Amino acid sequence: MRALTLAAGVSCVALAAAAETPVLTVLTYDSFTSEWGPGPAVEKAFEATCGCDLQFVAAGDGAALLARLQLEGADSAADVVLGLDTGLTAAAAATGLFAPHGQPAATALPVAYDDPLFLPYDWGWFAFVHDRAKLPAPPKNFSELAESDLKIVIQDPRSSTPGLGLLLWVKAAHGDQAAAIWQGLADNVLTVTPGWSEAYGLFLEGEADMVLSYTTSPAYHRIAEGDDGKDWAPFDEGHYLQVEVAGKLAASDQPELADRFMAFVLTPEFQSAIPQTNWMYPAGAADLPAGFETARPAKSLLMGAEEAQAARDPALAEWQAALAH
Amino acid sequence: MASGAGALGAALLLLVAAPIGAVAWHAGGLALSAADWAALRFTLVQAAWSAGLSVALAVPVARALARRSFAGRRLLILLMGAPFLLPVIVAVMGLVVLFGRNGAVNGMLAVLGLPAVSVYGLQGVVLAHVFLNLPLATRMILQGWQAIPAERFRLAQSLSFAPAQVMRHLEWPMLREVVPGALATVFAICLTSFAVALILGGGPGATTLELAIYQAVRFDFDLGHAAGLALVQALVGGAAALVAWGAARVAGFGAGLDRAAGVQGPGGWRRLGDGAVLVAAALFLLAPMAAVLLRGLPGLAEMPGAVWPALGRSVAVALVSTGVAVAAALTLALAVARGGSRWLDLAAALPLATSGLVLGTGLFLIVQPFVPPARLALPVTVAVNAALSLPFAYRLILPQARSLQADYGRLAASLGLGGWAGLRLVTLPRLRRPLGFAAGLAAALSMGDLGVIALFAGEAEATLPLVVQRLQGAYRMQAAAGASVLLVATALALFAVFDGWGRHAET
Chain D
51 MRALTLAAGV SCVALAAAAE TPVLTVLTYD SFTSEWGPGP AVEKAFEATC GCDLQFVAAG
111 DGAALLARLQ LEGADSAADV VLGLDTGLTA AAAATGLFAP HGQPAATALP VAYDDPLFLP
171 YDWGWFAFVH DRAKLPAPPK NFSELAESDL KIVIQDPRSS TPGLGLLLWV KAAHGDQAAA
231 IWQGLADNVL TVTPGWSEAY GLFLEGEADM VLSYTTSPAY HRIAEGDDGK DWAPFDEGHY
291 LQVEVAGKLA ASDQPELADR FMAFVLTPEF QSAIPQTNWM YPAGAADLPA GFETARPAKS
351 LLMGAEEAQA ARDPALAEWQ AALAH
Chain Z
4 MASGAGALGA ALLLLVAAPI GAVAWHAGGL ALSAADWAAL RFTLVQAAWS AGLSVALAVP
64 VARALARRSF AGRRLLILLM GAPFLLPVIV AVMGLVVLFG RNGAVNGMLA VLGLPAVSVY
124 GLQGVVLAHV FLNLPLATRM ILQGWQAIPA ERFRLAQSLS FAPAQVMRHL EWPMLREVVP
184 GALATVFAIC LTSFAVALIL GGGPGATTLE LAIYQAVRFD FDLGHAAGLA LVQALVGGAA
244 ALVAWGAARV AGFGAGLDRA AGVQGPGGWR RLGDGAVLVA AALFLLAPMA AVLLRGLPGL
304 AEMPGAVWPA LGRSVAVALV STGVAVAAAL TLALAVARGG SRWLDLAAAL PLATSGLVLG
364 TGLFLIVQPF VPPARLALPV TVAVNAALSL PFAYRLILPQ ARSLQADYGR LAASLGLGGW
424 AGLRLVTLPR LRRPLGFAAG LAAALSMGDL GVIALFAGEA EATLPLVVQR LQGAYRMQAA
484 AGASVLLVAT ALALFAVFDG WGRHAET
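The structure is reproduced here in structure tokens:
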């Protein structure tokens, strides 16, 4: 009996201690929190200094994050949202749920990006990835791709952020000619998948010659699998950027902890976890692992948040008109 | 019993309607647009083709299985059921290995100097849906065959019926009873198709209602539109169910003595024909499964530790959902067999045509003001899986619940056999086979179903299908393929255990 009382007392103390540890809740996408994503390393590094409990809540991918945030509104239990991309920031800002992060702009981006609400934590260039042996001379731009007999797999912009990125890429590179580019590409598109993983899986299965992915995809095969056979095709129009951002929620009940986390995002402790877990470029100072980068696109494309928001619907209509047969 | 069934039916209708209502209420209304008609048209066309072909092909396969006995027949029946239990994306990859640009079929065509066939387009969508649903249709129709009392076949034999006469007097009335339900079930499953239609559809021309719902939620952030589309989807599914079941006729074979069939089918070319049908069906269903297995085996060694607790959660979720689904389906089926009202029939069918995304989003909206959604991830998954597998269980149990009522209902009533005694002495022994099959199906479906958990789960609540999806999202296709094999093997094992219990009734 006494032992039981003692045990109860001890667990009360433990509970009280746990209750005093403030909890920072970060809403992010699935692959960030998984054991092979950046989540575990980031959690460990932040908890070592913050005296807090960092908890991730996962919700699908970037687009699902925004949908979830809109469902929850100001009632969201999250303090920080991590994983929106630049195609979504205008819609995210329009919710009015975000507070300024107060951090200096990220330094390691290939373009200037300074947004008071959204702080980049990683980024990458979209690119078509192919097998070096099967396709030694890949097309050098969208027009060459359209004229070729090559088959590509892309993602649906309605359900996937890379799919939306491709729409904006073609629009940013070709403006009024975007619809004509899509008309030309229509017979090259083998199929359209709901998300990145199905498209990449079809490509690895040998179904398509090229897949829409990132310039960093070959690095995964090179570093994690010791396979140097994949490469990305440099396009002379330039490559569209995906910049992934973090934002602090105005309704957070831990505003100071949230601020500390935003300051932590661009430190080497956070940034060094990015390349080999998220397979993206770090947005702050961090060493790139050997073999991560073999070449860089000569030119980077990125629309402003408002511009991207305005381009979405007409670009989707052009895409649908060209590809619906 | 009747009031219990009424409450259950009402709860099911609520589970379908409340999330749509919650989403509409959040958005402040319902909306539809002109482009939705194209999505509705494509959805109906592909679902009609898929259901028609699945059932048309299932009839000869089920007949061959019913009237031939051969070594390994039970194993073949079990394995041929497997495609229905595959996670959709795994099934698609298996089909692509066979029918894709680089697939075995096109390889053979090239050797023969024939032009390549493309798996991308309406034909690919229908092919995948037939692959996924032929097993279910076959089993539903096979059950019908096995439910014809052996005495009727013996009588036919002693009267020297020709095969055509057996067809007319025994098989046709049975098909009239079973086929409409099978058609409606496959049609409703294909109505909500999303990933198959998109990946094999080849582009935005293959936009289904479910994809339009994705667009409304994720691209346009227009929840009113999503709710409107979900309502249309549910109405079409409900209408299809009503039409099909209006066309069904009770066969009225009367009771038998449960003797082993022991009747061989006709010989000659019909025997060869049955053999050819079985070989073709087994090839079509098992070759992609073998491809899935071959891709996955090397990945088994690469699976991360997170797979094992996720497997445990998935099995637990599956077992609880199965208990709930089968108990509810039995209650509803008995009530309808005893002359309960037709709306129970509708309530038991509607979950099939429900949009997974709207269901998840609506439940999220309902739960979120009261409890952090992650805390309810597993209970919500159990409830949704139970609701989604209930229509199958109900469809499987109902025909034999009807025969039970017709053949033994008056005797049981005159003996005053009701309540538990009736359940133990009459209902369970007579319905053991469909109950076992239904439980196996419910368990396997709950294992494989991603359902709504993706919206709710944090890191600590992930089920095995969610882990597979997360692995795929992080380049780990090998490990994902390995985990998929584990998933399918577990689902098939659960199915085999329950189904085996049901088949114990056979002598």
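Protein sequences appear in the order of chains D and Z. Under our numbering, the residues of the first sequence are numbered 51 to 375, in order. Under our numbering, the residues of the second sequence are numbered 4 to 510, in order. Think of the CB as a built atom: it goes at the ideal place given N, C-alpha and C, for glycine as much as any other residue. Since this is a predicted model, take the numbers as computed values, not measurements.
- Task: Mark D/M312 as exposed unless 16 or more other C-beta atoms lie within 10 angstroms of its C-beta, in which case mark it buried.
- Result: Locating residue 312 of chain D in the first sequence gives position 262, counting from the first residue. Classification for D/M312: buried.
- Name the chain Z residues whose beta carbon is nearer than 8 Å to that of D/L373? As a working note, residue 373 of chain D is residue 323 in the first sequence. Within chain Z, the residues near D/L373 are G206, P207, G208.
query: Which residues of chain Z have a Cβ atom closer than 7 Å to the Cβ of D/G252, listed in chain order?
result: Sequence index remark: in the first sequence, residue 252 of chain D carries index 202 (1-based). According to the sequence as given, residue 252 of chain D is Leu; it is not Gly. Per Cβ cutoff of 7 Å: V99.
Practice prompt. Throw me the rounded Cβ distance for the Z/V327 and Z/L467 pair, which I believe falls under 8 Å.
Written response: Residue mapping note: residue 327 of chain Z aligns to position 324 of the second sequence, counting from 1. Residue mapping note: residue 467 of chain Z aligns to position 464 of the second sequence, counting from 1. So it is not a contact: roughly 20 Å between Cβ atoms.
>> Taking 9 Å as the threshold (C-beta atoms), are Z/E305 and Z/Q481 in contact?
In response: Counted from its first residue, the second sequence places residue 481 of chain Z at position 478. Counted from its first residue, the second sequence places residue 305 of chain Z at position 302. Yes.
Starting from Z/T384, trace the alpha helix (DSSP H) in both directions and tell me its first and last residue. Stepping through the second sequence from its first residue, residue 384 of chain Z is reached at position 381. Unbroken alpha helix (DSSP H) run through Z/T384: 380-417.
| task | Taking the CB atoms as reference points, tell me whether Z/M96 and Z/A294 lie closer together than 9 Å. | result | One-based indexing of the second sequence puts residue 96 of chain Z at position 93. One-based indexing of the second sequence puts residue 294 of chain Z at position 291. Taking 9 Å as the Cβ cut-off, Z/M96 and Z/A294 qualify as a contacting pair.
* Exposure label - Z/H507; buried when at least 16 CB within 10 Å -> The residue you call residue 507 of chain Z lines up with position 504 of the second sequence. Under this definition Z/H507 is an exposed residue.
**Study point:** Buried or exposed (CB count within 10 angstroms, at least 16 for buried), D/D125
**Key:** Along the first sequence, read from residue 1 onward, the residue named residue 125 of chain D stands at position 75. It is exposed - the Cβ of D/D125 has fewer than 16 other Cβ atoms within 10 Å.
- [ ] Please classify Z/A301: is it buried, with 16 or more other beta-carbons within 10 angstroms of its beta-carbon, or exposed?
- [x] In the second sequence, residue 301 of chain Z corresponds to position 298, counting from 1. Residue 301 of chain Z is actually Pro in this sequence, not Ala. Exposed, by the Cβ-count rule.
field: Cut-off 6 Å between Cβ atoms - residues of its own chain near Z/G127, not counting five sequence neighbours on either side
entry: Taking the second sequence and counting its residues from 1, one reaches residue 127 of chain Z at position 124. Here the set comprises L203.
ask   = Excluding sequence positions up to five away, which residues of its chain have a Cβ less than 7 Å from the Cβ of Z/G365?
value = Position 362 of the second sequence holds residue 365 of chain Z. The answer, listed in chain order, is A21, P22, I23, A25, V26.
Checklist entry - Between Z/R479 and chain D, is there a C-beta pair that is closer than 9 Å? => result As a first step, residue 479 of chain Z is located in the second sequence; it is residue number 476 there, counting from the start. Answer yes: the Cβ-Cβ gap between Z/R479 and chain D drops below 9 Å somewhere.
* Would D/P166 be called buried (16 or more neighbouring beta carbons within 10 Å of its own) or exposed? -> Residue mapping note: residue 166 of chain D aligns to position 116 of the first sequence, counting from 1. Per the 10 Å Cβ criterion, exposed.
* Minimum Cβ-Cβ distance from Z/R221 to chain D less than 9 Å -> On the second sequence, residue 221 of chain Z is found 218 positions in, with the first residue counted as 1. Answer yes: the Cβ-Cβ gap between Z/R221 and chain D drops below 9 Å somewhere.
Sequence-distant residues of its chain with Cβ nearer than 6 Å to D/A336 (five each side left out): As a first step, residue 336 of chain D is located in the first sequence; it is residue number 286 there, counting from the start. If we look at D/A336 and ignore the five residues flanking it on each side, its Cβ neighbours are P318, Q321, S322.
Contact set between the segment 76-90 of chain D and chain Z, restricted to residues whose Cβ is under 8 Å from the partner:
D80, S81, T83, S84, E85, W86, G87, G89
### Message
Check whether the segment 244-256 of chain D and the segment 146-153 of chain D touch, using three or more Cβ-Cβ pairs below 8 Å as the test.
### Response
no
| field | Range covered by the alpha helix (DSSP H) that runs through D/F320 | value | Sequence index remark: in the first sequence, residue 320 of chain D carries index 270 (1-based). Unbroken alpha helix (DSSP H) run through D/F320: 318-321.
**Asked** Helix or strand or just coil, what does DSSP make of D/F314?
**Response** As a first step, residue 314 of chain D is located in the first sequence; it is residue number 264 there, counting from the start. Looking at D/F314 - three-state DSSP - the assignment turns out to be helix.
Span separating the alpha-carbon of Z/P176 from that of Z/L401: Along the second sequence, one-based indexing puts residue 176 of chain Z at 173. Along the second sequence, one-based indexing puts residue 401 of chain Z at 398. Between Z/P176 and Z/L401, the C-alpha separation is close to 16 Å.
Could you pull the start and end residues of the beta strand (DSSP E) that D/E294 belongs to? Position 244 of the first sequence holds residue 294 of chain D. From DSSP, the beta strand (DSSP E) with D/E294 extends over 289-299.
| field | Coarse secondary structure for Z/Q481, derived from DSSP in three states | value | Residue 481 of chain Z sits at position 478 when you count from the first residue of the second sequence. Z/Q481: helix per DSSP, three-state reduction.
- Is Z/G231 closer than 9 Å to Z/L56 when the C-beta atoms are compared? Locating residue 56 of chain Z in the second sequence gives position 53, where the first residue counts as 1. Locating residue 231 of chain Z in the second sequence gives position 228, where the first residue counts as 1. For Z/L56 and Z/G231, no; Cβs fall outside 9 Å.
D/H180 (DSSP reduced to helix, strand or coil): In the first sequence, the residue the question calls residue 180 of chain D occupies position 130. D/H180 falls in the strand class under three-state DSSP.
* Bridge partners - D/Y264, DSSP secondary structure assignment -> Along the first sequence, read from residue 1 onward, the residue named residue 264 of chain D stands at position 214. BP columns for D/Y264 point to D/F176.
- Item | Distance CB(D/G112)-CB(D/Y79) smaller than 9 Å | To locate residue 112 of chain D, count along the first sequence from 1; it is residue 62. To locate residue 79 of chain D, count along the first sequence from 1; it is residue 29. It is a contact, given that the beta carbons lie within the stated cut-off.
Review point. Under 9 Å between C-beta atoms, does D/G245 make it to chain Z?
Key: Position 195 of the first sequence, counting from 1, holds the residue named residue 245 of chain D. With 9 Å as the cut-off, D/G245 counts as an interface residue toward chain Z.
| Is D/P244 closer than 9 Å to D/D278 when the C-beta atoms are compared? | The count along the first sequence starts at 1 and reaches residue 278 of chain D at position 228. The count along the first sequence starts at 1 and reaches residue 244 of chain D at position 194. Going by C-beta atoms, D/D278 is not nearer than 9 Å to D/P244.
- [ ] From the DSSP output, in three-state form, read off D/R52 for me.
- [x] Walking along the first sequence from the start, residue 52 of chain D turns up at place 2. Legend: pLDDT at D/R52 = 43, less than 50; position of this residue unreliable, no value from coordinates given.
Buried or exposed for Z/Q371, going by 16 or more other Cβ atoms inside 10 Å? Position 368 of the second sequence, counted from the start, is the residue given in the question as residue 371 of chain Z. Looking at its Cβ environment, which holds 16 or more other Cβ atoms inside 10 Å, Z/Q371 is buried.
Legend entry - Per-residue contacts from Z/N109 into chain D (C-beta, under 8 Å): Here the question's residue 109 of chain Z lines up with position 106 in the second sequence. Residues of chain D passing the Cβ test: none, with the nearest at roughly 11 Å.
How many angstroms separate the CA atom of D/L299 from the CA atom of D/A117?
Here residue 299 of chain D refers to the residue found at position 249 of the first sequence. Here residue 117 of chain D refers to the residue found at position 67 of the first sequence. When rounded, the distance between both Cα atoms is 15 Å.
| request: Give the single residue among Z/F224, Z/A351, Z/L393, Z/I92 whose Cα lies nearest to the Cα of Z/L469. | output: Sequence index remark: in the second sequence, residue 469 of chain Z carries index 466 (1-based). Checked all of Z/F224, Z/A351, Z/L393, Z/I92; the closest Cα to Z/L469 is Z/I92.
*Kindly list, in the order they appear in chain D, the residues whose Cβ is closer than 9 Å to that of Z/Q408.*
By 1-based counting over the second sequence, the position of residue 408 of chain Z is 405. Simply none; closest approach about 45 Å.
* Asked: Of all the CB atoms in chain D, is at least one closer than 9 Å to the CB of Z/V95?
  -> Counting from 1 along the second sequence, the entry for residue 95 of chain Z is found at position 92. Cβ-Cβ to chain D under 9 Å: yes for Z/V95.
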